[in-house]
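>
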Amino acid sequence: MVKRDLLLGLVLAGLALPAAAQERFITLASTTSTEQSGLFGHILPIFTRDSGIGVRVVALGTGQALDVGRRGDADVVLVHDRAAEERFAAEGYGGPRRGVMYNDFVLIGPAADPAGIAGTGDVAVALRRIAAQRAPFVSRGDRSGTHAAELRLWQEAGTDPVQGRGQWYREVGQGMGPALNTAAAQEAYLLSDRGTWLAFRNRQALRILVEGDRRLLNQYGVLAVSPQRHPGAKTREAQAFINWITGAAGQAAIAGYRIDGEQLFFPNAGEPG
Amino acid sequence: MQDLGSAFMAAIALVRDGDAGMLAILGLSLRVSLAALGIAAVVGLPLGALLAVARFPGRRAVVVALNALMGLPPVVAGLLIYLLLSRSGPLGSWGLLFTPGAMVIAQAVLVTPILAALSRGVLEALWEEYAEALRSFGAGPWRAVPTLLWDGRFALLTVLLAGFGRASAEVGAVILVGGNIEGFTRTMTTAIALETSKGDLPLALALGLVLMVIVLGVNALAQGLRDVALRRAG
Chain A
88 MVKRDLLLGL VLAGLALPAA AQERFITLAS TTSTEQSGLF GHILPIFTRD
138 SGIGVRVVAL GTGQALDVGR RGDADVVLVH DRAAEERFAA EGYGGPRRGV
188 MYNDFVLIGP AADPAGIAGT GDVAVALRRI AAQRAPFVSR GDRSGTHAAE
238 LRLWQEAGTD PVQGRGQWYR EVGQGMGPAL NTAAAQEAYL LSDRGTWLAF
288 RNRQALRILV EGDRRLLNQY GVLAVSPQRH PGAKTREAQA FINWITGAAG
338 QAAIAGYRID GEQLFFPNAG EPG
Chain B
778 MQDLGSAFMA AIALVRDGDA GMLAILGLSL RVSLAALGIA AVVGLPLGAL
828 LAVARFPGRR AVVVALNALM GLPPVVAGLL IYLLLSRSGP LGSWGLLFTP
878 GAMVIAQAVL VTPILAALSR GVLEALWEEY AEALRSFGAG PWRAVPTLLW
928 DGRFALLTVL LAGFGRASAE VGAVILVGGN IEGFTRTMTT AIALETSKGD
978 LPLALALGLV LMVIVLGVNA LAQGLRDVAL RRAG
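Those sequence lines, one after another, are chains A and B. If you read the first sequence in the working numbering, its first letter stands for residue 88, the second for the next number, and so on. If you read the second sequence in the working numbering, its first letter stands for residue 778, the second for the next number, and so on.
(1) Go ahead and pull the three-state DSSP assignment for Phe833(B).
(2) Roughly how many whole angstroms lie between the Cα atoms of Arg301(A) and Pro223(A)?
(3) Let me make sure I understand the geometry here. Which of Thr964(B), Gly782(B), Arg943(B) and Ser783(B) has the alpha-carbon closest to that of Gly878(B)?
(4) Considering only their Cβ atoms, is the gap separating Ser117(A) from Thr283(A) smaller than 8 Å?
(5) Taking a cut of 7 Å between CB atoms, which residues from the segment 127 to 145 of chain A lie near chain B?
(6) Cα separation between Gly929(B) and Ser810(B)?
(7) So which residues on chain A does Ser896(B) lean against when the C-beta distance must stay under 8 Å?
(8) Is Leu977(B) close to chain A, meaning its C-beta is less than 8 Å from at least one C-beta of that chain?
(9) Using DSSP with H/G/I as helix, E/B as strand and the rest coil, what is Arg227(A)?
(10) Does the distance from the C-beta atom of Leu925(B) to that of Val830(B) stay below 8 Å?
(11) Less than 8 Å separating the beta-carbons of Leu131(A) and Val142(A)?
(12) Just to confirm, are Ala236(A) and Leu278(A) a CB contact at a threshold of 8 Å?
(13) Provide the residue span of the alpha helix (DSSP H) that contains Tyr859(B), from first to last.
(14) Can at least three beta-carbon pairs, one atom from the segment 144 to 153 of chain A and one from the segment 784 to 802 of chain B, be found at a separation below 8 Å?
(15) In terms of DSSP beta bridges, what is Gln350(A) paired with?
(16) Who are the near neighbours of Gly203(A) in its chain, counting only those whose CB is closer than 7 Å to its CB and skipping five residues on each side?
(17) Looking at the C-beta of Ser806(B), does it have a partner C-beta in chain A at a distance below 8 Å?
(18) Please state the DSSP three-state secondary structure of Met88(A).
(19) If we ignore side chains and look at the alpha-carbon of each, how far apart do Leu980(B) and Ile969(B) end up?
(20) In whole angstroms, give me the CA-to-CA distance for Val995(B) and Glu947(B).
(21) Around the Cβ of Ser1022(B), are there at least 16 other Cβ atoms within 10 angstroms (buried) or fewer (exposed)?
(22) Could you tell me the alpha carbon to alpha carbon distance between Pro823(B) and Gly159(A), rounded to whole angstroms?
(23) Would you give the residue range spanned by the alpha helix (DSSP H) that Gly957(B) belongs to?
(24) Quick check for students: name the residue ranges of the alpha helix (DSSP H) that lie wholly in the segment 201 to 246 of chain A, counting only runs of 4 or more.
(25) Return the residue from the list Ala932(B), Val954(B) and Ile789(B) that minimises the CA-CA distance to Gly872(B).
(26) Which residue marks the beginning of the beta strand (DSSP E) containing Pro197(A), and which one marks its end?
(27) Could you list the residues in the segment 243 to 277 of chain A with a C-beta less than 7 Å from some C-beta on chain B, going in chain order?
(28) Under a three-way DSSP split, which group does Leu115(A) fall into?
(29) Since Ile891(B) and Ala939(B) should fall inside the 8 Å C-beta cutoff, what is the C-beta to C-beta distance between them, to a whole number of angstroms?
(30) Does the Cβ of Gly289(A) have 16 or more other Cβ atoms within 10 Å, making it buried, or fewer, making it exposed?
(31) Inspect the beta-carbon positions of Leu934(B) and Ala999(B) and report whether they are closer than 8 Å.
(32) Would you report the Cα separation of Phe353(A) and Asn268(A), rounded to the nearest angstrom?
(33) What are the start and end residues of each continuous alpha helix (DSSP H) run of 4 or more residues lying completely inside the segment 278 to 343 of chain A, in chain order?
(34) For Pro197(A), which of Gly156(A), Tyr344(A), Gln273(A) and Asp247(A) has the nearest alpha-carbon?
(35) Is any beta-carbon of chain A found at less than 8 Å from that of Arg864(B)?
(36) Can you find a C-beta in chain B that's less than 8 Å from the C-beta of Thr333(A)?
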């Protein structure tokens, strides 16, 4: 009997868990780059303090995050693939899309640099050299914003890496961190967002080899999930969050986040883009 | 080797400093896994006992299915629960996705077949010993279930611990249905996955060591309770 009461108590304790959390909250589907770089840990407590709205971040690739929004399992999405964001809005799942901030991608590779791309400063030239040398290249392969940017860059380089699939072109189908771990272990090249790279600890021989090319710009946008599609979406709280992050306070919070003195994200909600 | 050494040092530091964030994550891990184990025990143990004593057409098929479900991949269980609990799914109005409640349900789905299948095996052996005696009291299969569960309680403890091990160690289901939300649905295993992907391998391994020590402690505690109870039962 005692045992049965104990079990019942455990079941009730388990079911009571969700009730213990903050009452007003939104679910934000976002990218691993914003979460793992520590940006959200810096800015979201400021928003919660000022608005009384908690933010629960589910960090995924951009493609997955948008899918979570499409199913109505998030109230807001903050991602970095403009074409996919505009498709999401055009399909009526949410929006309008608002620009928030940018940072940049960097082309990373082993210090030994077998394809000789260091110092080119031209990402298309660098990718063509990697393909010509058939040097190992790790691709996210997960429909993330970084994956979309990488495919766009290959196209600009006029090279189709898919011919090297399974050989030098290695699609891991995972997040930025696992892709970096794989590249570190295999001394491979890869494209990373700068934020995740700066926060990444297991670098081994990896270095930044190409940066600063205008085509490496990485723009983030934010969209509220449409209450017409999903009546459960918390539109008012979602809009409060979007107003905040694109407003003066949120933009200043983004600009204030630094790792080792280096600013990671540059607010640009005021500009078209 | 250097990483392994620093992992041990980091693990010791985490425990020594009683790191508040880690303690909250650890607490959530234990609460979720124990709640899932509780639900699975209420469903799985009587089911296992019933399968041990009852004879009905299709029983063998049920036994085979339960044995197979012990190997249900956590990520598949997680995906099923995800689609059920999604706002676009049949149970979306419950608003449980990305909450600890969803993680409890997913782990209960994983653990119930383990408890049912293993307890069926344990209790069937017991039933062969007792069947005559219980039948002579006029006890049918239904009446025999509570008696069997009570008499087999010490053996069933091991079954429960196997279920607890499965729940506390899995990451595939809880990361899908819980979303690994900091301060809300982050458990030890999802935190380990996160630190690994941030490249902080020593911290990831340190968290793993802490989790293993806690699981070891739970097992030792259960074993100790069992010994005390056995002595009392004399």
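A virtual CB, placed ideally from N, CA and C, is assigned to each residue, including glycine. The structure presented is a predicted model; accordingly, all values stated were derived computationally and were not measured.
In brief:
(1) coil
(2) 25 Å
(3) Thr964(B)
(4) no
(5) Arg143, Val144 and Val145
(6) 23 Å
(7) Result: empty, since nearest Cβ-Cβ is about 14 Å, beyond 8 Å.
(8) The sequence given here has Asp at residue 977(B), not Leu. So, interface residue.
(9) coil
(10) yes
(11) yes
(12) yes
(13) Pro851 to Leu862
(14) no
(15) Arg345(A)
(16) Arg216
(17) no
(18) Any reading at Met88(A) must be qualified, since the residue scores a pLDDT of 41, below 50, and its modelled position is unreliable; no value is offered.
(19) 8 Å
(20) 17 Å
(21) The structure shown does not extend to residue 1022(B), since chain B is modelled only from 778 to 1011, so the question has no answer here.
(22) 38 Å
(23) According to the sequence provided, residue 957(B) is Asn. The question's Gly does not apply to it. No alpha helix (DSSP H) contains Asn957(B), which DSSP labels as neither H nor E.
(24) 210 to 220 and 232 to 244
(25) Val954(B)
(26) Arg185 to Pro197
(27) Gly262, Gly264, Pro265, Leu267 and Asn268
(28) strand
(29) 6 Å
(30) Position check: residue 289(A) holds Asn in this sequence, whereas Gly was assumed. Under this definition Asn289(A) is a buried residue.
(31) yes
(32) 26 Å
(33) 281 to 286, 322 to 333 and 335 to 342
(34) Gln273(A)
(35) yes
(36) no
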